[in-house]
Amino acid sequence: MAAGVGLLVIFLAWFAGPGLFGITNENQGTTVKAEVVEPAPCTGGGATEKVKFEFGGKPMEGSLNGCGHGQGEHLEVVVPDGASGDAVSVHATDATVGASDARRPLGLALLVFSCFAGGMYVFLVLRGPRVPVTA
93 MAAGVGLLVI FLAWFAGPGL FGITNENQGT TVKAEVVEPA PCTGGGATEK
143 VKFEFGGKPM EGSLNGCGHG QGEHLEVVVP DGASGDAVSV HATDATVGAS
193 DARRPLGLAL LVFSCFAGGM YVFLVLRGPR VPVTA
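Its first residue numbered 93, the sequence shown is counted upward by one per residue in the working numbering.
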């Protein structure tokens, strides 16, 4: 019974897709070319740079969560869908949050091992203590 439940859990996890382990392959916006207007040094945390770009046919400015770029440097950023106004927060295309293709197989392997360990625990509990045979 425990082995069947473990296999069912693994089967459901496999078909739940990458979202089960927090992996999303969806593009969360539009990639555009931007120019750094106000660079920020990489001394300390939370550095943001000001960039300008064209989005929807209009020139816009946004804040890039990053540092170390030079003034006038061109880079590609991802603008969130439906962005408007002056306080647009963008991120670099090569710095997507949580992009690791190794997480899904690793998470599934850990799930398999935990199901196996749980099944073995149930087996040992149901078998009971072994009484040594004295001759």
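All C-beta atoms in this analysis are idealised placements derived from N, C-alpha and C, irrespective of residue type, glycine included.
Query                                                                                                                        : Result
Cα-Cα separation between residue 199 and residue 106, rounded to whole angstroms                                             : 10 angstroms
Residue 131 in three-state terms, based on DSSP                                                                              : coil
Contact the region 170-187 vs the region 204-223: 3+ CB pairs below 8 angstroms                                              : no
Residue range of the alpha helix (DSSP H) that includes residue 96                                                           : 94-108
Buried versus exposed call for residue 156 [16 or more other C-beta atoms within 10 Å across all chains shown]               : buried
Start-to-end residues for the beta strand (DSSP E) that takes in residue 176                                                 : From DSSP, residue 176 is part of no beta strand (DSSP E); its letter is neither H nor E.
DSSP beta-bridge partners of residue 168                                                                                     : 125
Buried versus exposed, by CB contacts within 10 Å (16 or more), residue 205                                                  : exposed
Residue of 174, 137 and 166 minimising C-alpha distance to residue 144                                                       : 166
CA nearest to the CA of residue 133, picked from 126, 173 and 141                                                            : 141
Cβ pair count under 8 angstroms reaching 3, the region 122-130 against the region 146-163                                    : yes
Secondary structure of residue 224, DSSP reduced to three states                                                             : coil
Other residues of its chain near residue 203: CB distance less than 8 angstroms, five sequence neighbours each side excluded : 101, 102 and 105
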